[in-house]
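In order, the protein sequence lines correspond to chains A and S. With the numbering used here, the residue at position 362 of the first sequence is 362, and numbering never jumps. With the numbering used here, the residue at position 349 of the second sequence is 856, and numbering never jumps.
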Amino acid sequence: MNYAALFRATLPETILEIAALLVLVVDLGFLRKAAMQTRIAAAALFGVAGCAVAVWAVSIAGPYNWGSDLLLAAGGSAEVAQVAILVLTALTLLLLIGSEFTRNPGEYVAVVLMAAAGGLLISAAQDLIVIFTGLELLSLSLYVLTAFAKKSGKSAEAAIKYYIFGGMSAAFLLFGFSDLYGASGSTNLQRIVQESYFASISGGAPLLYLALAMIAAGLGFKVAAVPFHLWAPDTYEGAPIPSASFIASVSKVASFALLISIGAALAHGFGSGNQVRLVFFNLGPAAGFAGPQAQWSLILAVLSIASMLAGNLAALAQSSVRRLLAYSAIAHAGYILLGLAFFSSSSLSAEAILYYIVTYGLTTIGAFGAVGVVERAAGSDKMDAFLGLHKRAPVLAAVLLVLFLSLAGIPPLVGFWAKFNLFAAVLRVSAGVVPFTLVALAVAFSAVSLYYYLQVLKRAYVMPAADESAIRAHPVTLAVLLLIAAAVLVFGCFPALLQNWIASLYA
Amino acid sequence: MLAWTIYISFAGALIAALLPKEKLLLARWLALAVGAAGMVISISGYTTGFAQGRQVLVDALWVPSMGIHFQFAADGISRVLVLLTGIAAVAGILFSWNVEVRANEFFAFYLALIGGVYGVFLSGDLFLLFVFYEIAIVPKYFLIAIWGSTRREYGAMKLALYSFVGSAMVLVGLLAAYTTSGSHSTALNDLAHAGLPVAFQMWCFPLVFVGFAILAGMWPFHTWAPTGHVAAPTAASMLLAGVVMKLGAYGCLRVGIGLFPRGLDPWGFSLLGLTSWRDVFAWLAVIGIVYGALVALAQTDFKFVIGYSSVSQMGYVLLGLMTLNQIGLDGAVLQMFSHGIIAGLLFAIVGRVVYDRTHTRQFADLETMHLARRLPFAAWSFVVAGIASMGLPGFSGFVAELQVLVGAWRANPWWTAVSGIGILVGIAYIWRALQKAFFSDALPSAHELESEQAHKFSPITWPEIAGVALLGMCTLVVGLYPRILLDQIEPAVKALLAGGAK
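So, in C-alpha cells, the structure goes:
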C-alpha cells in the first residue's frame, strides 16, 4: 500500500475535511460571542476558502491504484466534476450569508463541506466500496442539511421523507453491488464489466440484470429520475435555500459523474470490441447477451423517457416555484439520462453530459438564490409571490429572466447550448431511429417546458403587482446572482470557453 | 457593414433597458436613432449590393469542436429583407411614439426583436440562424403580454408556444442534418454541398419546412396569427405581420428549399392526387389564401380583418416558394417585402391612428362615428393601403402577386385558378372594411354633430404622418418601379435554384 500516493489522491477530500473541522473550531471556539451575521459570514467565507484550496489540490491530485485495479481516477471527467463541485459548493455557501434559518453556522458549513467531500469521492471512485462510502457520506450530510431549519416544520418533514427514500435506495444500491460482486468476484468497475461477460455465458445473466436494475434504482434516486423522484419536490420545497440549491446542483453533479464512470467502464470494457471479439471467436456467440451495456442503456433510456414525460407534465401544474424547479430538475435529469443511455467510448458523451450538468448546476443555484430572496420578502414561494417583481426588484427580475430562459433552453444562454451539445452527442453516437425519436421527444418537451418557465416570468414582468414595496436582497446574494447570470450569458455566447476547458482535462 | 444592423440593435436594446424609467422622450429618441441607423445601414448595404451576388460579411469559427461558424452573409434575398426590416423598424417606432407605460422596456424588447430579425436574415450558418430565430421569440412574448390589448396574455402565450414548437421542429431537423451530413460544419453552404441522402431529405424537408411555416402563418398552423396580431400593441403587430412572419417564410426558402431541395421530389406514389411534398404545401398555401380571405370577410373587429388578411397574403409567399421556378420565387420574395410594408401600414392605421382615438375596433361602433369626415387622414391612408393590399397596378402587391400567380400557373394551373377566388374575396373584405369603418352612409343627426363637437379627436401627430408617408412611399415606389428590388432578387433566386432545387 502506497500511502504517499493515497494521500495525494485524496488530498482535495482531506483539505475539505480539515476545513470543516477548522470551521467548527473557529465558529464554536473564537466567535461564540460574536454577532450572528458575523458568525455566518465568517463560517461561509472559511468554507469558500477551503473550497478554493481544494480546487488547487484537485489540480495536483493523481490517480490511486490498488494492486492493478484503479481505485480513484484523476483527470478527465473526475477532475471536471470535482472542480465543478467545489465551485458550486462555494457559491451555495455564499448564499448562506444574509440568511437567518440557522443559529449554528459553523455546523452547517462543516456539514456542507463534508457533503462536498463525499461528492469529490464519488466523482473519482472506480470501485464499488469507495462509491458506496462516498455516496453515504454525501447522502447522510444532505439529510442533515435538509433538516437544518430547526424552526420550520416543512424542513423536518422534507428531511424525513428524503431520509426514508434515501435509506431505501441505499439498500437497493448495496444489494445491487453485492450481486455484482457475487457475479464477478471483483469490486472494480472495469473488472466487473469484463468478468460479467464471462459470468453471463456461464448462466449468470439473470443475476446481472437484477444487479443492474437495483443499481439503476439506487442511482435513479440520487439523480431524481422517475419513478424514484418522489422525494424531490418535497425536499426542494422544504429544505432551507442553500441546502436546496446544494442538493439540486452539487449532489446532481456528483451523481452524474458517477454515472459517467459507470458508463465509461461499460463502454471501455466492450466499446473497443476486443473483448467481445475474443469471446466470440473462442466460445461462440452467447445467446441474447452482448455485454451489460445494452441492458444498462435500455434501463437508462426508459428512466429518461419517464423523467422527461413526468417531470415536464407535472411541472405544468405547480403553483409553488420551488416544486416547479424540482419537477424541472427531474425533466433535466431525463435529458441527461438520454446522453448516458447512448454513451460513446470516446469522451464525446462524457464531455457533453458534464457540460450540461455543470451549467445546469450553476443556473439552478442562481434560480434558488433568486427564489429565496423573493420568498423571504413575500413569505411564500408561490407563483403569486413573484407578482410585479420587475418593479419591486428590477435587478433580481432580470437575473430571474436570464436564468429561467436558460433553463428553458433559449439561446444565446448556456442552457440552449448545453442541450444542443448533448443531443448532438446522442445522435453522433448512434443515428438510428430510436435515438432520433428520443431526441425529438426531448426537444418537444423543452418546448413544453417554456410554458411553465414563462408562468413565473409572466408574473414577474407582465401581471400587475399586488404589493409594490421594494425587495432588498443581501448585497452578497445579489453579487452571487449577478455573477451567475453573467456566467450563464457569457458561457452561452462563447460556448467554446467551457468546452475547451473540459476537453483540455481529457487530453 | 450590414452586420452592424444587428450589433446596433442589440446595443440599443441594452441601453434602452438601462435608461431611467421616467425619461420617456429619451427612450423614444434613442429607439428612433437606433432604428434609423439600422435603416440607413440597410439602405446603403442594399444600394452597394447591386450586381454583388453573395457577400460574406463576417466569418469566424464560433465553436471549433463542432464546426459552428459565426458567419454573416447577404445575397439579394437577404438584402431585400434587411431593407424591409430597416423600414418596418423605423415605422414601428414612429407609431409607438405614444407608448408611455414602461417605455424604456418597450423599446428594449422592440430593439432586441429587431436585432434578432436582422440576425436571421443575415446568418450564413444554420446554427446561428436558429439562435437568432429563437432570440426573437422572447421579446415578442413580452411585447404582446405587457403592452397588448384584447386577450393579450392568451395571444402572447399562444404565439410564444407556436413559435417554440416550430423552432423545436427546426432544431430536430438541424441536429439531424448536422449529424447526417458528417461534414463537421453547420455553415449553410457546407451543408448544402454535403450531399445529404435523398431519403433523408424526404423526411427532413417537411419537418423543417413546417417548423418555419408555422411562423409564416401556413394554414392550418396559422391560428396564432390573428389572435397574436390583434392582441399585440400597434408596433408589435406591425413587426409581427411585417417582418416576423417573413422570418418563417425566409426559413422555408433558405433552409427548407436551400438545404433539402430533393425533399420536394415526387414520392413515387399518389395519395389523394398528391404526389410530393410540393403538392401538399402548395395546396395548403392555396387553402390559406382562400380561407384567410373568407374569414377576413366575416369579421366584426377591424383588426381581425387585417389579421386574417395577413394569413391570406402570406399564402401567396408560400405558394410562390412551392412553384420552384424563377418567376414564382421572385414573386414570393417580392411579396414578402410588399406584404411587410402594406401590413405594417394597415396595422398602423387600424391599431394606432383609428383605435387610439376611437377606443373601439368594432365595425358596429365605428359605423356610427363618421370617420371619413372626422379622420380624413386615416380614411384616405387606409384607401391607399387597401388598394395596395388588393393588388391594384401601381402598388407593390400587384407585381408580387402577378409573378406568384404566373409561376403557379406554370407549375400547376389549378393552383392559380383556386387562388383567384382569394383575390376576389381579398377585394371584397377591403371594400367592406373601408365602407364599415370609414364611409358608412348614414348622415349624422344634429345630436351626433353636437357630441362630435364636444369630443373632438386629438389631432394627427407628426410621427403618424411620417410613418404613413414612409410606408406608403415604399409600396408606391416598388409598385411603379419593381426592378429596384427585382434586380437583386432575380440573381439570388437563380443562384439558389441552381445550387439546390433543380
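Idealized CB from N, CA, C, for every residue including glycine.
- Look at the beta carbons and you see the segment 572-580 of chain S not touching the segment 598-617 of chain S: under three pairs across the two are nearer than 8 Å.
- Secondary structure at residue 566 (chain S): strand, using DSSP grouped into helix, strand and coil.
- C-alpha of residue 836 (chain S) to C-alpha of residue 1006 (chain S): approximately 14 Å in a straight line.
- Here DSSP, grouped into helix, strand and coil, assigns residue 185 (chain A) to coil.
- Distance from the CA atom of residue 1002 (chain S) to the CA atom of residue 212 (chain A), rounded to whole angstroms, is 56 Å.
- For a Cβ distance threshold of 8 Å, residue set 410, 411, 416 of chain A lies close to residue 641 (chain S), ordered along the chain.
- Look at the segment 422-456 of chain A: the residues with a C-beta under 8 Å from a C-beta of chain S are 423, 424, 427, 428, 431, 436, 439, 440, 443, 444, 446, 447, 450, 451, 454.
- 8 Å or more divides the Cβ of residue 449 (chain A) from the Cβ of residue 320 (chain A).
- Between the segment 740-748 of chain S and the segment 681-695 of chain S there are fewer than three inter-stretch CB-CB distances shorter than 8 Å, so the stretches are not counted as touching.
- Inter-segment contact for the segment 370-378 of chain A and the segment 463-481 of chain A is present: three or more beta-carbon pairs are separated by less than 8 Å.
- Between the segment 191-199 of chain A and the segment 299-308 of chain A, the count of C-beta pairs closer than 8 Å stays below three; the two stretches do not touch.
- Chain-order list of chain A residues neighbouring residue 653 (chain S): 461, 462, by C-beta distance under 7 Å.
- At least one CB atom of chain A sits nearer than 8 Å to the CB of residue 671 (chain S).
- Here the segment 807-825 of chain S makes no contact with the segment 957-976 of chain S; the two share fewer than three CB pairs at distances below 8 Å.
- Close to residue 470 (chain A), with beta-carbon spacing below 7 Å, lies no residue of chain S; the smallest spacing is near 14 Å.
- Interface annotation for the segment 734-746 of chain S against chain A: empty, criterion Cβ-Cβ distance under 7 Å.
- In this structure, the CA atom of residue 971 (chain S) is about 13 Å from the CA atom of residue 887 (chain S).
- CA-CA distance, residue 628 (chain S) to residue 536 (chain S), rounds to 26 Å.
- Nearest to residue 451 (chain A) by C-alpha distance, out of S:648, S:584, S:574, S:573, is S:648.
- Beta-bridge pairing by DSSP links residue 869 (chain S) to S:808.
- Between the beta-carbon of residue 148 (chain A) and that of residue 155 (chain A) there is about 7 Å, and that keeps the pair under the 8 Å contact cut.
- Shown here, residue 966 (chain S) sits in coil according to DSSP, grouped into three states, outside any helix or strand.
- The beta carbon of residue 47 (chain A) is closer than 7 Å to those of 19, 23, 93, 109, 112, 113 in its chain, skipping five residues each way along the sequence.
- Residue 848 (chain S) sits close to residue 903 (chain S), with the two beta carbons spaced by under 8 Å.
- Note on geometry: alpha-carbon atoms of residue 486 (chain A) and residue 707 (chain S) lie some 40 Å from one another.
- Chain S places a beta carbon closer than 8 Å to that of residue 458 (chain A), counting this residue as a contact.
- Residues 741, 742, 855, 859, 974 of the same chain have their beta carbon placed closer than 6 Å to that of residue 602 (chain S), with the five preceding and five following residues left out of the count.
- Take residue 41 (chain A), set aside five residues on each side of it, and the residues of its chain with a beta-carbon closer than 7 Å to its own are 97, in chain order.
- Residue 782 (chain S) sits in a strand when the DSSP states are folded into three classes.
- Shown here, residue 64 (chain A) sits in a strand according to DSSP, grouped into three states.
- Contact between residue 677 (chain S) and residue 758 (chain S) holds, with the beta-carbon distance rounding to 7 Å and staying under 8 Å.
- With a threshold of 16 other beta carbon atoms within 10 Å, residue 898 (chain S) meets it and is buried.
- For residue 233 (chain A) and residue 767 (chain S), the gap between their C-alpha atoms comes out near 45 Å.
- Residue 167 (chain A) and residue 412 (chain A) have their C-alpha atoms roughly 41 Å apart.
- Listed along chain A are 454, each with a C-beta nearer than 8 Å to that of residue 648 (chain S).
- Residue 199 (chain A) does not reach chain S, its nearest Cβ partner there being about 36 Å away, counting only Cβ pairs nearer than 8 Å.
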